[in-house]
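Right, one structure below, let's go through it.
In this note's numbering, the protein residues as written are 95 to 183.
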């Protein structure tokens with residue numbers, strides 16, 4: 095019986111050791127994938143800054159309202175700036 099356990103131990107231990115080494119390779123591959131995803135999120139942030147720049151321009155127009163022109167819509171038309179309007183149905 096002891097011989098059977100020793101034979102099983104000698105056959106199973108190298109297989110288990112190989113399995114642990116392959117997990118380390120998988121962990122390094124997942125780290126590379128996470129780094130690539132982080133780079134992709136930075137590109138999305140640059141798109142939002144352009145939207146925020148447009149919003150800042152509209153807010154700046156609202157603040158620079160002239161004393162001669164009463165409504166903001168008329169001031170925007172005088173500068174010929176197109177503003178998108180969203181209508182909810």
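Glycine included, C-beta positions come from ideal geometry on N, C-alpha and C.
Shown here, residue 151 sits in a helix according to DSSP, grouped into three states. Between residue 106 and residue 95, the alpha-carbon positions lie close to 16 Å from each other. The C-alpha of residue 98 is placed about 16 Å away from the C-alpha of residue 108. DSSP, read as helix, strand or coil, puts residue 106 in helix.
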